[in-house]
Amino acid sequence: GTFDDMRQAISTYFYDQNEESKKKKLDLLIKETIPFYMERLEKQIKENGGYLVNGKLTWADLWVVSLLDLVNKYTERTLEEKYPLIIALKEKVLAIPSIKAWVAKRPVTDW
Numbered sequence: 001g002t003f004d005d006m007r008q009a010i011s012t013y014f015y016d017q018n019e020e021s022k023k024k025k026l027d028l029l030i031k032e033t034i035p036f037y038m039e040r041l042e043k044q045i046k047e048n049g050g051y052l053v054n055g056k057l058t059w060a061d062l063w064v065v066s067l068l069d070l071v072n073k074y075t076e077r078t079l080e081e082k083y084p085l086i087i088a089l090k091e092k093v094l095a096i097p098s099i100k101a102w103v104a105k106r107p108v109t110d111w
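As numbered in full-length UniProt numbering, the sequence shown has no gaps in its residue numbers, which increase by one up to the final residue, 111.
Shown next, in the form of structure tokens:
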């Protein structure tokens, strides 16, 4: 499905050890791959009342917000900046008290 396809596309960039190849993959991710999936996520959120599935918070919402956090960190970008519904979903998830508390105190790691 969309989530696994997106994760797999991003993983090929993360795990590439060749800097020249990695730079090309990042360019492709930023210009084509990420927008392709972000547009689909934006549409899905619109069709489901502000969430990805059934108009309520699910694991899918948590997964997407977590993946965005990681990808933004490693690409040094805010990939959702052109997608207002994804931004709104991210804000809702990060405002959940237990998640907000964890994000504030979580250890800084590479992953």
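Cβ coordinates follow ideal geometry from the N, Cα and C atoms, glycine included. None of the values given here were measured: they were computed from a predicted structure.
Open item on the list: Just verifying my parser: in three-state terms, what is the DSSP assignment at Val93?
Closed with: Translated into positions along the sequence shown, residue 93 becomes position 93. Here Val93 sits in helix by DSSP.
**Asked** Under three-state DSSP, which class holds Val108?
**Response** Position 108 of the sequence shown, counting from 1, holds the residue named residue 108. Of the three classes helix, strand and coil, the one that applies to Val108 here is coil, per DSSP.
Exercise. For the alpha helix (DSSP H) that contains Gln44, what are its first and last residues?
Worked result: Translated into positions along the sequence shown, residue 44 becomes position 44. Where Gln44 is concerned, the enclosing alpha helix (DSSP H) stretches over 34-47.
Quiz item: Would you report the Cα separation of Tyr83 and Asn54, rounded to the nearest angstrom?
Solution: Translated into positions along the sequence shown, residue 83 becomes position 83. Translated into positions along the sequence shown, residue 54 becomes position 54. When rounded, the distance between both Cα atoms is 20 Å.
Measure the C-alpha to C-alpha separation of Lys25 and Ile10 and round it to an integer number of angstroms.
The residue labelled residue 25 in the question sits at position 25 within the sequence shown. The residue labelled residue 10 in the question sits at position 10 within the sequence shown. Taking the straight line from one Cα to the other gives about 9 Å.
Could you tell me the alpha carbon to alpha carbon distance between Ile86 and Tyr15, rounded to whole angstroms? Within the sequence shown, the letter at position 86 stands for residue 86. Within the sequence shown, the letter at position 15 stands for residue 15. Approximately 26 Å, taken between the alpha carbons.
Worksheet item: Does DSSP put Lys82 in a helix, in a strand, or in coil?
Response: Within the sequence shown, the letter at position 82 stands for residue 82. Here Lys82 sits in coil by DSSP.
**Prompt:** Do you know how far the Cα of Asn72 is from the Cα of Thr12?
**Reply:** Here residue 12 refers to the residue found at position 12 when the sequence shown is read from its first residue. Here residue 72 refers to the residue found at position 72 when the sequence shown is read from its first residue. For Thr12 and Asn72, the distance between alpha carbons rounds to 16 Å.
How about Ala95: is its Cβ closer than 7 Å to a heavy atom in the ligand ZN? With respect to small molecules bound, the structure shown includes none, and the ligand ZN cannot be examined in it.
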